[in-house]
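Residue numbers (my numbering), protein chains in the order written: chain G, 1 to 235; chain L, 1001 to 1220.
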């Protein structure tokens, strides 16, 4: 009891007999047992082994090389009344440590969030192409051979997102990079003897990725934009 | 009403005024200002300006007086305004352009001038003229004249249709006409007007009159 009181973050204790583990008592289980009527009187002054007898569960011991997601998977396979018990981790040095299940969940969540952010960044910035490569790809796709002002290809355009009201900057290369399938990002309209392009500008809009359809004329000058549309939502 | 040019040439007031009547068909997407056109073109009679959705054929007229090649004309422009809703757009509580054309087919035998109307501030309405010119050619005659009319000139700051697009569009329409009527001669003029402040409406009124005179072979 003193151990738990001195280390409020201590999730449990491992019980050894002749340097081998015979059991584990979690903080919750300990206080639950001693908190019962005559609980203190029953176990006070007795060896911890006496308390262990009331727990017939073998603790989950995993090597420290176990992946976090696998550790959670193994932990969740336990019975419902022990599913939230801490896990014993065996280090390479042979030492044992205890980790509570909540720390594992937090770590897993961190990994998922990082992965998700990476995914979102990939969806927004897309292909790892240089500006030159992206522009070449754009020119090949559109068949543009000549422009009165070729600098328009590297111009930075700015539009306002109708959804969040923020300014969204983009270049032609950004459009190419964010659309691995370029036909989804560039629409060619040939009507009334003129050509115009609709570029779908991807933008991280709060918890969503949205696309703003932007109209460019045959000289790739920005002419107008339409209301944005949702590409995907994430949490 | 004679224009300014007339006032500077008093000798022509003794000339005979020739009269002509022609049919004018403004077509184009919904909400581009087709129904309002006759009202704003009419300087002499103040017809109430209608702002709303056309669900049926609308009729209106404008009387224009002008001098062309030292000859005075009084041209009555009979406007037939069909709805701008296409059959495939799904109509709620009204009739589509195609339905109206079927119903009033007998009236379209001699359409003199077709006004291909679009909004300068809405590129889609301009691009859709590719659809409308094909519908127009189905009901027009070899003598029909065509004018490109861009509305909302007062909102020029938000213009989406560039001058280059209009020039190309005019050529494109001429090609479509010649494709159907190889003998057709003339130009497809383009005018930009404002219904709100009546900018260039007098020019359009005169252009429509000239179109009617050409169509009726009064002016060659």
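Even for Gly, the Cβ is constructed at its ideal location relative to N, Cα and C.
Give the residues of chain L in contact with residue i, contact being defined as C-beta atoms less than 9 Å apart.
i	result
residue 237 (chain G)	In this structure chain G extends from 1 to 235, so residue 237 (chain G) is not present and cannot be described.
Which term fits residue i, buried or exposed, when burial requires 16 or more other beta carbons within 10 angstroms of its beta carbon?
i	result
residue 80 (chain G)	exposed
residue 1034 (chain L)	buried
residue 1001 (chain L)	Legend: pLDDT at residue 1001 (chain L) = 45, less than 50; position of this residue unreliable, no value from coordinates given.
residue 27 (chain G)	buried
residue 76 (chain G)	exposed
residue 49 (chain G)	exposed
Which residues bound the alpha helix (DSSP H) around residue i?
i	result
residue 1018 (chain L)	Careful: residue 1018 (chain L) lies outside any alpha helix (DSSP H), inside the beta strand (DSSP E) at 1017-1027.
residue 1201 (chain L)	1201-1215
residue 236 (chain G)	The shown model of chain G, from 1 to 235, leaves out residue 236 (chain G), and the question about it has no answer.
residue 30 (chain G)	27-34
residue 1152 (chain L)	Looking at the DSSP string, residue 1152 (chain L) is not in any alpha helix (DSSP H), and its letter there is neither H nor E.
residue 136 (chain G)	131-142
Could you pull out every residue in the same chain whose Cβ sits closer than 6 Å to the Cβ of residue i, ignoring the five residues on either side in sequence?
i	result
residue 1177 (chain L)	1184
residue 187 (chain G)	198
residue 1126 (chain L)	1118 and 1161
residue 1104 (chain L)	1057
residue 1006 (chain L)	Note that residue 1006 (chain L) scores 49 on pLDDT, short of 50, meaning its location in the model is unreliable; the coordinates nonetheless yield the value given after this. If we look at residue 1006 (chain L) and ignore the five residues flanking it on each side, its Cβ neighbours are 1067.
Using a Cβ-Cβ cutoff of less than 7 Å, which residues in the same chain neighbour residue i once the five nearest sequence positions on both sides are dropped?
i	result
residue 1041 (chain L)	1062, 1201, 1204 and 1205
residue 23 (chain G)	15, 52, 55 and 59
residue 203 (chain G)	161, 168, 210 and 212
residue 92 (chain G)	64
Considering Cα atoms alone, identify which of the options is closest to residue i.
i	options	result
residue 183 (chain G)	G:140, G:155, G:29 and G:31	G:140
residue 145 (chain G)	G:42, G:104 and G:219	G:219
residue 110 (chain G)	G:69, G:135 and G:42	G:69
residue 1137 (chain L)	L:1112, L:1074 and L:1190	L:1112
residue 1214 (chain L)	L:1197, L:1021, L:1168 and L:1116	L:1021
residue 1211 (chain L)	L:1086, L:1060 and L:1142	L:1142
residue 67 (chain G)	G:40, G:57, G:108 and G:82	G:108
residue 1152 (chain L)	L:1189, L:1115, L:1194 and L:1216	L:1194
residue 1217 (chain L)	L:1173, L:1097, L:1145 and L:1070	L:1145
residue 61 (chain G)	G:205, G:99 and G:9	G:99
residue 1169 (chain L)	L:1190, L:1180 and L:1186	L:1190
residue 208 (chain G)	G:157, G:47, G:46 and G:163	G:163
residue 226 (chain G)	G:232, G:214 and G:233	G:214
residue 1037 (chain L)	L:1164, L:1016 and L:1059	L:1059
residue 205 (chain G)	G:193, G:222, G:185 and G:229	G:229
What residues from chain G crowd round residue i, counting only those whose CB sits closer than 9 Å?
i	result
residue 1169 (chain L)	191, 192, 193 and 194
residue 1057 (chain L)	Those within 9 Å of residue 1057 (chain L) in chain G number zero; the least Cβ separation is about 26 Å.
residue 1107 (chain L)	Near residue 1107 (chain L) there are no residues of chain G at all, since even the closest Cβ is about 27 Å away, more than 9 Å.
Using the beta-carbon of each residue, which ones in chain L are nearer than 8 Å to residue i?
i	result
residue 215 (chain G)	1123 and 1160
Residues of chain L with CB under 7 Å from residue i, in chain order?
i	result
residue 224 (chain G)	1123 and 1160
Which residues mark the beginning and the end of the beta strand (DSSP E) in which residue i is found?
i	result
residue 2 (chain G)	Where residue 2 (chain G) is concerned, there is no enclosing beta strand (DSSP E), although the alpha helix (DSSP H) it sits in stretches over 2-6.
residue 1064 (chain L)	1058-1068
residue 203 (chain G)	194-205
Identify the contact partners of residue i in chain G, using a Cβ-Cβ distance below 7 Å as the criterion.
i	result
residue 1127 (chain L)	189, 191 and 192
residue 1172 (chain L)	192 and 193
residue 1130 (chain L)	191 and 192
residue 1103 (chain L)	Correct list: empty, because the minimum Cβ distance to chain G is about 29 Å.
Is residue i near the ligand COA, going by C-beta to nearest heavy atom under 6 Å?
i	result
residue 117 (chain G)	Within the structure as shown, the ligand COA is missing, as the structure has no ligands at all.
Cutting at 8 Å between CB atoms, please list the residues of its own chain near residue i, excluding the five before and the five after it.
i	result
residue 1027 (chain L)	1034, 1082, 1084, 1097, 1114, 1115, 1116, 1117, 1132, 1135 and 1136
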